[in-house]
Amino acid sequence: MKISSDDQRAIGLILLCLGFLFFLIGLAARLKENFHSRVEISSTGFTAAAIAAALGIIVLLFSLKKKQG
């Protein structure tokens with residue numbers, strides 16, 4: 847299945863936005879004081895944010911490279 851560079855760019859932007867969403871979830875869990883499992887949720891949110899953002903950047907770079915070549 848062949849994916850066009852525009853589709854790859856859109857998938858990369860979606861992954862970046864998803865990473866930002868996970869970062870906000872982790873930040874909200876860290877700031878909530880009386881929440882029972884805030885450390886687990888915040889660390890999971892930050893880890894998922896890093897993974898999603900890294901995948902998004904990789905997909906964006908491949909789409910830009912594909913468009914130039």
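To convert, count from 1 in the sequence shown and add 846; that's my numbering. For every residue, glycine included, the Cβ atom is placed at its ideal position computed from N, Cα and C.
Neighbourhood of residue i by C-beta distance below 8 Å, restricted to the same chain and skipping five residues each side
| i | result |
| --- | --- |
| PHE866 | ALA895 and ALA899 |
| LYS878 | ARG884 |
Rounded C-alpha distance that separates residue i from residue j
| i | j | result |
| --- | --- | --- |
| GLY891 | PHE869 | 6 Å |
| LYS848 | HIS882 | 46 Å |
| CYS863 | THR893 | 15 Å |
| ASP853 | ILE897 | 20 Å |
| SER851 | PHE908 | 8 Å |
| SER856 | ILE904 | With the sequence shown as reference, residue 856 is identified as Ala, and Ser is not the correct amino acid for it. Their Cα atoms are separated by approximately 12 Å. |
| ASN880 | ALA874 | 12 Å |
Contact check, residue i vs residue j, beta carbons under 7 Å
| i | j | result |
| --- | --- | --- |
| LEU901 | LEU861 | yes |
| LEU906 | GLY872 | no |
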